[in-house]
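**Student:** This is the structure I have questions about; it appears just below.
There are 2 protein chains.
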Amino acid sequence: MPRWEPDGVERLQAAAFELFDEQGFERTTVAEIAQRAGLTQRTFFNHFADKREVLFGLSSELQQEIVREIATCADTLPPLDAVVRALQATADKMFEERRDAVTRRHRIIGANPELRERELSKRAALTDAIAAALHARGLDPETALLTASLSMLVEQTAIQRWTQPAESPPLRELLSDALYSLRMTVK
Amino acid sequence: MPRWEPDGVERLQAAAFELFDEQGFERTTVAEIAQRAGLTQRTFFNHFADKREVLFGLSSELQQEIVREIATCADTLPPLDAVVRALQATADKMFEERRDAVTRRHRIIGANPELRERELSKRAALTDAIAAALHARGLDPETALLTASLSMLVEQTAIQRWTQPAESPPLRELLSDALYSLRMTVK
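Residue numbers (this note's numbering), protein chains in the order written: chain W, 60 to 246; chain G, 60 to 246.
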């Protein structure tokens with residue numbers, strides 16, 4: 060049991076991801092997650108409303124972080140580049156050191172249609188939040204939504220590669236590569 | 060009651076869309092739909108598994124049509140242009156004369172989170188099918204998925220405008236416009 064892990068949230072998350080990955084999301088109980096983490100169910104419910112929240116609990120923090128980065132980005136950048144730069148800053152802060160966990164999460168969600176629907180829905184909400192942040196900076200609503208959607212496509216393409224076992228570059232670089240691929244594809 | 064409508068499926072669909080739009084999807088029963096269409100519930104269930112199917116029943120036909128159009132498209136076109144051309148052909152066949160119904164459907168789905176999740180999921184499946192069709196024509200998997208995702212973004216942008224009351228150009232034209240906007244945004 061990972062008793063060396065000081066933070067309850069992190070321990071519960073690591074335990075949950077392991078179990079979801081080993082035996083499937085549906086078949087894993089909160090009791091098993093707490094046990095694997097060496098914590099009580101009460102501690103689990105202090106941090107998460109249910110076991111699905113372990114997978115999706117970070118999404119509002121992620122969204123706030125990205126929106127904040129967009130708001131502070133230099134005005135001189137073209138909008139899509141500004142958003143990709145915000146995604147890169149967020150990748151450094153929230154993803155880079157958690158590649159194993161993110162990869163596991165990616166695999167767990169991919170294996171379960173209900174979780175995939177949930178993920179798509181979260182991604183749509185994030186797209187809308189990015190579009191709103193761009194609109195707040197003066198972009199017309201249609202271009203803002205298009206730019207936000209394109210940035211999410213860049214993010215997906217980069218994450219897809221970053222979560223493959225064989226890939227090793229930092230997510231920041233893969234985001235640049237994905238933006239380049241996007242430009243080549245659209246040309 | 061629209062007795063002038065010869066086709067049971069179309070009548071049921073029109074009745075369902077009216078009712079979903081008037082009183083909400085959740086609160087509408089199959090009995091009410093059948094009654095509004097002047098048909099029996101048995102006829103309803105001959106055509107649809109449940110009331111949600113009235114909204115999503117066409118998606119497999121749409122997918123087949125788009126994939127077929129991609130397969131028959133000239134080899135000389137760049138992939139994204141080929142897919143947008145396929146979407147335009149499909150728009151002419153399956154959408155252009157049904158603008159009121161499509162607009163109503165769009166509004167119904169937008170008003171209900173569960174239906175929105177379902178729509179996102181159908182769209183993801185369509186994206187994968189388009190990517191597979193492009194891969195079958197020799198595109199590498201990553202570029203195929205990127206191109207498919209971009210084409211769905213073009214489709215969404217165009218449909219968004221086409222289903223606004225004030226917009227009148229044919230969907231085919233709005234698809235061209237959206238592809239142009241996409242190119243300008245990515246530039």
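Note that CB positions come from ideal geometry on N, CA and C, so glycine has one too.
Quick caveat, the model's predicted, so the values are computed rather than measured.
For W/L209, collect the residues of the same chain with a Cβ closer than 7 Å to its Cβ; drop the 5 residues on either side in sequence, then sort them by chain order.
**Tutor:** Excluding sequence neighbours, W/L209 sits near L139, L241.
**Student:** Does DSSP classify G/M60 as helix, strand or coil?
**Tutor:** Confidence at G/M60 is low in this model, with a pLDDT of 45, below 50, so its placement is unreliable and the value that follows should be read with caution. Residue state, collapsed to three classes: coil.
**Student:** I need the straight-line Cα distance from W/Q219 to G/L136, nearest angstrom please.
**Tutor:** Answer to the nearest angstrom: the Cα atoms are 27 Å apart.
**Student:** From this set, W/L146, W/D80, W/D199, which residue's C-alpha is nearest W/E232's C-alpha?
**Tutor:** If we check each option's Cα against that of W/E232, W/L146 comes out closest.
**Student:** In chain W, which residues lie less than 9 Å from G/S210 when you measure between Cβ atoms?
**Tutor:** Residues of chain W passing the Cβ test: none, with the nearest at roughly 10 Å.
**Student:** Which residues of chain G have a Cβ atom closer than 9 Å to the Cβ of W/L179, listed in chain order?
**Tutor:** Within 9 Å Cβ-Cβ: E176, L179, S180, R182, A183.
**Student:** On a Cα-Cα basis, can you pick out the residue from G/R164, G/R158, G/E124, G/E120 that is closest to G/K110?
**Tutor:** Taking only the C-alpha atoms, the option nearest G/K110 is G/R164.
**Student:** Does DSSP classify G/L198 as helix, strand or coil?
**Tutor:** Of the three classes helix, strand and coil, the one that applies to G/L198 here is coil, per DSSP.
**Student:** Count the CB pairs spanning the stretch 83-97 of chain W and the stretch 115-130 of chain W that are closer than 8 Å, and state whether there are at least three.
**Tutor:** Taking 8 Å as the limit for Cβ pairs, the verdict is that the stretch 115-130 of chain W does not touch the stretch 83-97 of chain W.
**Student:** Taking Cβ to Cβ, would you say W/A207 is nearer than 8 Å to W/A237?
**Tutor:** No, Cβ-Cβ distance for W/A207 and W/A237 is not below 8 Å.
**Student:** What whole-angstrom Cβ distance do W/E178 and W/L230 have, given they're in contact under 8 Å?
**Tutor:** Not really, about 18 Å apart at Cβ, beyond 8 Å.
**Student:** Just to make sure I have the definition right: I need the residues of chain G whose C-beta is within less than 7 Å of the C-beta of W/V113. Which are they?
**Tutor:** Chain G residues near W/V113: none, gap ~20 Å exceeds 7 Å.
**Student:** Can at least three beta-carbon pairs, one atom from the stretch 111-123 of chain G and one from the stretch 165-177 of chain G, be found at a separation below 8 Å?
**Tutor:** Cβ pair count under 8 Å is three or more, so yes.
**Student:** Under DSSP, the alpha helix (DSSP H) around W/K110 begins and ends at which residues?
**Tutor:** Taken as a continuous stretch (DSSP letters only), the alpha helix (DSSP H) holding W/K110 covers 110-115.
**Student:** Tell me the rounded alpha-carbon separation between W/R62 and W/A108.
**Tutor:** With a pLDDT of only 46 at W/R62, under the threshold of 50, the placement of this residue in the model should not be trusted; the figure read from the coordinates follows. When rounded, the distance between both Cα atoms is 23 Å.
**Student:** Mapping DSSP to helix, strand and coil, what is G/F76?
**Tutor:** G/F76: helix per DSSP, three-state reduction.
**Student:** Considering G/L238, what are the terminal residues of the alpha helix (DSSP H) in which it resides?
**Tutor:** Looking at the DSSP string, the run of the alpha helix (DSSP H) that includes G/L238 is 230-245.
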